[in-house]
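So the structure is just underneath, and the comments pick up after that.
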Amino acid sequence: MSDQNRDYTQATRYVRVTHVRPDRLVEFEFSIDDPTLYVELVLPYPQFRLFCQKNKTRELTHEEAARVDLDKLKWREGPRA
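The opening position of the sequence shown corresponds to residue 1 in our numbering, with each subsequent residue numbered one higher.
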């Protein structure tokens with residue numbers, strides 16, 4: 001199936017919390033289907049919890065997060081990373 005015709009309503013949605021600020025703002029990455037393609041978002045903690053519930057997200061495992069970090073490093077440093 002081509003990406004043009006793909007139904008993303010059933011795709012897995014991921015979150016990865018990257019920082020919680022002292023003012024209770026949550027910095028996180030949100031992705032659909034592919035954890036290496038994400039947007040960075042910031043929400044107050046109550047809205048973050050609601051966002052996760054409404055989007056039925058699942059948090060990245062440590063192994064998945066490490067793969068995302070390695071992918072980021074490859075884009076920055078090239079294939080030697």
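Idealized CB from N, CA, C, for every residue including glycine.
Since this is a predicted model, take the numbers as computed values, not measurements.
Within 9 Å, strictly: CB atoms of residue i and residue j
{"i": "E59", "j": "Y14", "result": "yes"}
{"i": "V39", "j": "E29", "result": "yes"}
{"i": "R6", "j": "T36", "result": "no"}
{"i": "D33", "j": "A65", "result": "no"}
{"i": "P44", "j": "R76", "result": "no"}
{"i": "R16", "j": "S31", "result": "yes"}
Continuous alpha helix (DSSP H) stretch holding residue i: start and end
{"i": "L70", "result": "62 to 77"}
Residue range of the beta strand (DSSP E) that includes residue i
{"i": "R16", "result": "13 to 20"}
{"i": "P46", "result": "That residue, P46, is in no beta strand (DSSP E); its alpha helix (DSSP H) goes 45 to 55."}
{"i": "L25", "result": "25 to 32"}
Bridge partner(s) assigned by DSSP for residue i
{"i": "R58", "result": "Y14"}
{"i": "Y38", "result": "S31"}
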